[in-house]
Amino acid sequence: MRLRGNLFLRMFIGFWLMSITILGSWMLASNYFDSLPPGREWGDHGRPGPPHRFLLRTIYSLENLKGKALLAAVDDIRSKHDIDIYLVTREDSDLLQREVPDRVAEIASRLRADPDKSMLGSPKDRMVVYRIYRPYEGAVYAVFVFPSQRGVILNALGDNLMLRIVLAVVISGLICFGLSRLMTNRLKDLRLASRRLANGDLDTRLQVRETGGDETDELARDFNTMAEQLQARIQAQKRLLGDVSHELRSPLARLRIALVLAQEKPDNSADYLLRIEQEAERLEDLIGQLLSTQPQALTMDSHIDLVSLLQQLCEDANFEGQGEGKTFGFSTDTPQAIVDSAGDLLHKSFDNILRNALHHTGSNSEVSVSLASGPDSYTVTIEDRGPGVPDSDLQSIFGEFYRVDTARTRESGGYGLGLAIARRALLQHGGEVEAQNTGTGLRVTVRLPASSQGSSED
């Protein structure tokens, strides 16, 4: 297994080496300080440090205090510093009438047997004994029993340093293995999911924790969003192919019939040729819409007045919708709204949006169209009285091939390209378009930058 190409192995070894370094340093330091006599391990090259001065002050108190004051001082040191103090006499009894542990009596007897020394330390037992002199008792041996600095596990291991190291390496290795596996498992899941998605499984999704997630959950959430959008787009394209094939089949069939009839009945060929022309125009319109969804380089070579454009389109829509009682009302707060335009793209864009409103608004209802001017832009609002769009699809209705109704007839919603063409053209003109439900229909809002020119050219 190569180290360079395996993230899990690199993370595991990195964490493990770091843990071993930390634990090794701590063990060496602990082993070193455990070998020093209490009272020197806190000093600096033999000079008395703060704990050493603490011992000297304590010894002074032990030599001079009496009775209850002496007992209170010993109890205070035990409660504050967790240090037990025994005042051992020549008879191995405690001056404060307490039971003397064997190891305490043993270190006191060792100092008593060596009159040349005034103190003696036992690093293993973490004890130090001082010979002090009290006015009435004479020589007394003050034994300080310090708390152990080693944990329960280290105490159980004793002084076997090699056993400590082996145990530390094994435990740290297990912890680092689990941590590395935890961090790389999500990446492994993402890699496998990406392969399944690439192999055509568009239903592939990653599990995401709703609460308490981390960066890997954000990555998984982004992957799911990408997969959903990819799936929706591919499904829409498949639906488009079915729609286009259905729409192409009908005019092509009518073309073939018209040709056969024109050949069989030459006297009526003019009627059949007119029919052939109509079907050819329909095919051309479909192909033109498909091509309009593709990006194009635009040249803003003309200017257009939105007021005149919207008035004209509303009049056309009123004419088309009069049979079902559908009307378009137009209002504006400015007599003229000049914007830059590339050919007739803006005309097609607004025509597509208004036709969409005409198709979906209810019978005997009015579609309101308003134009508002701003400091450097214009806002056009088209609001119908139709069923609206599911909230989850509001961002999708301007995508290519989208239709709320999946029926494959032109009467049920066209090819699903009109709003996509409008959005692309508006974006290329520096504008923006958005949709929202109003509760009584759908509102489409278009914003376009105002032209720096002062006149219009139609």
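No gaps in the numbering here: position 193 of the sequence shown is 190 in our numbering, and each next residue is one more. We put the CB at the ideal spot given by N, CA and C, even for glycine. These numbers come from a predicted model, not from an experiment.
Collapsed DSSP secondary structure at tyrosine 130 in the structure displayed = strand
Starting from the C-beta of valine 126, find all residues in its chain whose C-beta is less than 6 Å away, skip the five residues before and the five after it, and write them out in chain order.
-> Ile104, Ala105, Leu108, Leu117, Tyr138 and Val140
Bridge-paired residues (DSSP) for aspartate 337 = His300
In terms of residue numbering, what span does the alpha helix (DSSP H) encompassing asparagine 196 cover?
-> Note, asparagine 196: premise wrong, no alpha helix (DSSP H); not H, not E.
Supposed contact pair glycine 322 and asparagine 361 - C-beta distance, whole angstroms, cut 8 Å | 4 Å
Beta-carbon proximity check, phenylalanine 9 vs phenylalanine 143, cutoff 9 Å = no
Does the separation of the CB atoms of threonine 378 and valine 386 fall below 9 Å?
-> no
With C-beta atoms as the reference, is leucine 423 less than 9 Å away from leucine 391?
-> no
By Cβ distance, which residues of its chain are closer than 8 Å to serine 448, with the 5 residues on each side in sequence left out?
-> His300, Ile335, Val336 and Asp337
From the DSSP output, read off the bridge partner residues of phenylalanine 325.
-> Val364
Go through the region 215 to 281 residue by residue and report every complete run of the beta strand (DSSP E) that reaches 3 residues or more, in order.
-> none
Hey, quick one: how far does the alpha helix (DSSP H) through phenylalanine 143 stretch, first residue to last?
-> It is not in any alpha helix (DSSP H) - phenylalanine 143 carries neither H nor E in the DSSP assignment.
Segment limits, alpha helix (DSSP H) that includes isoleucine 74 | 64 to 78
Tell me which same chain residues have a C-beta within less than 8 Å of the C-beta of alanine 419, skipping the five on either side of it?
-> Lys345, Ser346, Phe347, Asn349, Ile350, Phe395 and Val430
Residues near glutamate 212 in its chain [Cβ-Cβ closer than 8 Å; skip 5 each side] | none
Pick from Leu194, Ile172 and Leu62 that is closest to phenylalanine 12, judged by C-alpha positions | Ile172
Do you know how far the Cα of glutamine 226 is from the Cα of threonine 181?
-> 26 Å
Assigned exposure category for alanine 267 - 16 Cβ within 10 Å defines buried | exposed
Backbone secondary structure at glutamate 96 - three-state DSSP = coil
What do you get for serine 76, buried or exposed, if any count of 16 or more other CB atoms within 10 angstroms of its CB means buried?
-> exposed
Keeping to the same chain, check which residues put their C-beta closer than 8 Å to that of aspartate 91; ignore five residues upstream and five downstream.
-> Tyr83, Leu84, Val85 and Val97
What distance in whole Å lies between the Cβ atoms of leucine 368 and leucine 303, which are believed to be in contact at a cut-off of 8 Å?
-> 6 Å
Could you work out which residue in Gly427, Ser393 and Ala250 is closest to alanine 233 when comparing CA atoms only?
-> Ser393
Helix, strand or coil at alanine 165 according to DSSP, with G and I counted as helix | helix
Using the beta-carbon count (16 or more within 10 Å), is aspartate 455 buried or exposed?
-> Residue confidence is low: aspartate 455 scores 43 on pLDDT, short of 50, so the model does not pin down where it sits. Its coordinate-derived value is still stated next. When all chains shown are included, aspartate 455 counts as exposed.
Between which two residues does the alpha helix (DSSP H) harbouring isoleucine 350 extend?
-> 342 to 357
Histidine 357 and aspartate 341: beta carbons closer than 9 Å?
-> no
Cα-Cα separation between isoleucine 129 and aspartate 99, rounded to whole angstroms | 20 Å
Collapsed DSSP secondary structure at leucine 445 in the structure displayed = strand
List the DSSP bridge partners of glutamate 431.
-> Thr442
For valine 364, which residues from the same chain have a beta carbon less than 6 Å from its beta carbon, with the 5 sequence-adjacent residues on both sides left out?
-> Phe325, Ala354, Thr358 and Asp381
To which residues of the same chain is threonine 437 closer than 7 Å at the C-beta, ignoring the five residues directly before and after it?
-> Arg382
Can the beta-carbon of alanine 259 be found closer than 9 Å to that of glutamate 276?
-> no
Report yes if the C-beta distance between alanine 217 and arginine 183 is below 9 Å; otherwise report no.
-> yes
Let me know if glycine 318 comes out buried or exposed under the rule of 16 or more other beta-carbons within 10 Å of its beta-carbon.
-> buried
Ordered along the chain, which non-local residues of its own chain (more than five positions away) have a Cβ less than 8 Å from that of isoleucine 273?
-> Leu252, Ala255, Leu256 and Ala259
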